[in-house]
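A.B. asks:
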Amino acid sequence: MVKRIALAQLTSCWGCDQALVDLHLKLLEVLPQLEIVYWPAVVDFKLKDLESMPDGSIHIGLVEGSCRTKEDLHLLKVMRKKAKILVAWGSCSCYGGVQGLGNQWELKELLERKFLEADTVEDGRIPEEEMPGFTESIVPNTEIVKFDVPLPGCPPTSENTLEALSALLTGKPFDLPTKTVCDECPKERKEKNITKFYRAHEGKIDPDKCLLDQGYLCLGFATIGMCGAQCPTVNTPCKGCFGPPPGIKDHGAKIISALGAVADMDPEELEKAFPDPIGSFYFTDYGASYLSKIRDKEREEK
Ligand code: SF4
Ligand code: SF4
Ligand code: SF4
240 MVKRIALAQL TSCWGCDQAL VDLHLKLLEV LPQLEIVYWP AVVDFKLKDL ESMPDGSIHI
300 GLVEGSCRTK EDLHLLKVMR KKAKILVAWG SCSCYGGVQG LGNQWELKEL LERKFLEADT
360 VEDGRIPEEE MPGFTESIVP NTEIVKFDVP LPGCPPTSEN TLEALSALLT GKPFDLPTKT
420 VCDECPKERK EKNITKFYRA HEGKIDPDKC LLDQGYLCLG FATIGMCGAQ CPTVNTPCKG
480 CFGPPPGIKD HGAKIISALG AVADMDPEEL EKAFPDPIGS FYFTDYGASY LSKIRDKERE
540 EK
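Counted from 1, the sequence shown has number 481 at position 242 by the working numbering; the numbering is strictly sequential.
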């Protein structure tokens, strides 16, 4: 039986879509089993087309991006009503994504920075006409509506999405693995005792040895292993873009606590090594962190 599928984009870079179309001919493995009923990134569907479908009439709905606008919030809720199985597609959808880092500031500050103060702005103004309105902060979609399947990654690899779709089409569960990026990484690891951290462009990397052992902030130890360790394999430290393995509630807190155990450094040295700790430890999931929630609560109480 052909299954009806909808792919919706909230605020995002649309990279998850890009990863899907990167499957090229492999897409043919699943396309004949799918009837695409909504995918504005590729076909000219309108929101009203989706709104007019009966509730529960879509078999699989994929939601990419997070809710930065009120229109995003509306689309997310419509997708939840229309889809039987809803997939949080990508780290934006699962955890808020890179744009969640904006939660460190108030909405007013973000708008002023972007439209009035950025170096490239001349005669700036904050747009108000024809705007859908912004949300006060980025809250992970999974905390706004119930999702059936989380599929993290920034983006999920093409194979991740194909694997999830193939499982869902055949009625099988799609469970996240419990392994980490380190479990997939071919580099040799030793007992850790880090006395100095390097930026990615500093020093000379030994390609056979663990990057973290060499003082590069590689977050593979606290990141779910679904990407085949694609960054460390080419000597680029893992930034943790797939988020934590199941069971870890706060990715950055886990990273900080693990690093505290292996970094033999003074607080001042650590502060110097990580001038942007939130960006370093919560690349795609600050919106899901305890720190962000505390800030949201303070905002509500004001
Ligand atoms: S998860 Fe990453 S690739 Fe996907 S839309 Fe968000 S920012 Fe883009
Ligand atoms: S290089 Fe990174 S991913 Fe590989 S073993 Fe070391 S910490 Fe883990
Ligand atoms: S190695 Fe890390 S940063 Fe690179 S894709 Fe995998 S999870 Fe993301």
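Quick reminder that beta carbons are idealized off the backbone N, C-alpha and C, glycines included.
(1) Kindly indicate which residue of 417, 267, 317, 258 has the alpha-carbon position closest to the one of residue 285.
(2) Tell me whether residue 287 counts as near ligand 3, meaning its Cβ is closer than 6 Å to at least one heavy atom of that ligand.
(3) Since residue 420 and residue 462 should fall inside the 8 Å C-beta cutoff, what is the C-beta to C-beta distance between them, to a whole number of angstroms?
(4) Near ligand 2, which residues have their beta-carbon less than 6 Å from any of its heavy atoms, given in chain order?
(5) On the CB-based measure, 16 or more other CB atoms within 10 Å of its CB, does residue 531 come out buried or exposed?
(6) Please classify residue 377: does DSSP put it in a helix, a strand, or coil?
(7) Looking only at C-alpha atoms, which of 351, 310, 347, 397 sits nearest to residue 262?
(8) Could you check the C-alpha separation between residue 279 and residue 540 for me, to the nearest Å?
(9) Determine the contact status of residue 464 and residue 430, defining contact as a CB-CB distance below 7 Å.
(10) Tell me which residues share the same chain as residue 309 and place their Cβ nearer than 7 Å to its Cβ, disregarding the 5 neighbours each side in the sequence.
(11) Does the stretch 426-446 touch the stretch 403-412, meaning 3 or more C-beta pairs lie closer than 8 Å?
(12) Can you tell me where the alpha helix (DSSP H) holding residue 277 begins and where it ends?
(13) Please classify residue 362: is it buried, with 16 or more other beta-carbons within 10 angstroms of its beta-carbon, or exposed?
(14) Using the C-alpha atoms, what's the distance from residue 493 back to residue 212?
(15) Does DSSP classify residue 323 as helix, strand or coil?
(16) Who are the near neighbours of residue 290 in its chain, counting only those whose CB is closer than 8 Å to its CB and skipping five residues on each side?
(17) Could you check where the alpha helix (DSSP H) with residue 298 kicks off and where it finishes?
(18) Hey, how far is the Cα of residue 326 from the Cα of residue 434?
(19) Is the CB-CB distance between residue 476 and residue 439 below 7 Å?
C.D. replies: Straight from the coordinates:
(1) 317
(2) no
(3) 5 Å
(4) 420, 421, 424, 426, 428, 449, 450, 451, 457, 459, 460, 468, 471, 477
(5) A residue is called buried once 16 or more other Cβ atoms fall within 10 Å of its Cβ, and residue 531 is buried on that count.
(6) coil
(7) 397
(8) Spanning the two alpha carbons is a distance of roughly 38 Å.
(9) no
(10) The answer, listed in chain order, is 371, 372, 374.
(11) no
(12) From DSSP, residue 277 is part of no alpha helix (DSSP H) but of the beta strand (DSSP E) over 273-277.
(13) exposed
(14) In this structure the chain extends from 240 to 541, so residue 212 is not present and cannot be described.
(15) Residue 323 falls in the strand class under three-state DSSP.
(16) Only 317 meet the Cβ criterion.
(17) That residue, residue 298, is in no alpha helix (DSSP H); its beta strand (DSSP E) goes 297-303.
(18) 42 Å
(19) A contact, by the Cβ cut-off of 7 Å.
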